[in-house]
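Reading through the structure tokens given below for one structure.
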Amino acid sequence: MPLDDPTLALESTATCPETAVSQAQRLAQVRARLSQLPFHVRQALLWHRLDGLPQREIARRLGVSERMAGRYITQAIEACAREASR
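Heads up: the sequence shown is residues 1 to 86, going by the UniProt record's numbering.
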């Protein structure tokens, strides 16, 4: 599941309490997984998704190639998707 999935939004638009609880649990799982990622992987994802930084800028900030910055973002997304699908 991508991190921009609307079910991961902080404000729930759920129509029933059970759905709201399920969504909150999924969000908590993804947040927990994010906190376990290596700093550079987590930070690359946050800069990309929350701050809208391009890979070039993320690479510059982390001192890596653009390709490696892209790999970090992909690793973070995949880790969170695996956690959310459990």
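The C-beta atom is built at its ideal place from N, Cα and C for all residues, glycine as well.
*Take Ile73 and list the residues in its own chain whose beta-carbon comes closer than 6 angstroms to its own, dropping the five residues that flank it on each side.*
Position 73 of the sequence shown, counted from the start, is the residue given in the question as residue 73. Here the set comprises Ala44, Leu45 and His48.
Exercise. On a CA-only basis, which of Gly70, Ser22, Ala20 and Gly52 is nearest Ala59? Give me that one, please.
Key: On the sequence shown, position 59 is the one that residue 59 refers to. Checking every option, the nearest Cα to that of Ala59 belongs to Gly70.
Q. DSSP three-state call for Val64: helix, strand or coil?
A. For this step, residue 64 is matched to residue 64 along the sequence shown. In this structure, DSSP gives Val64 a state outside helix and strand, which the three-state scheme calls coil.
message = Only counting the same chain, and skipping five residues up and downstream in sequence, which positions put a Cβ closer than 6 angstroms to that of Ser12?
response = Indexing the sequence shown from 1 puts residue 12 at position 12. No answer about Ser12 holds up, because its pLDDT of 49 lies below 50 and its placement is not dependable.
* For Arg86, does the three-state DSSP call read helix, strand or coil? -> The residue labelled residue 86 in the question sits at position 86 within the sequence shown. Secondary structure of Arg86 (DSSP, three-state): coil.
Checking 8 angstroms against the spacing of the C-beta atoms, do Leu53 and Arg42 come in under that value? In the sequence shown, residue 53 corresponds to position 53, counting from 1. In the sequence shown, residue 42 corresponds to position 42, counting from 1. Contact flag unset, no.
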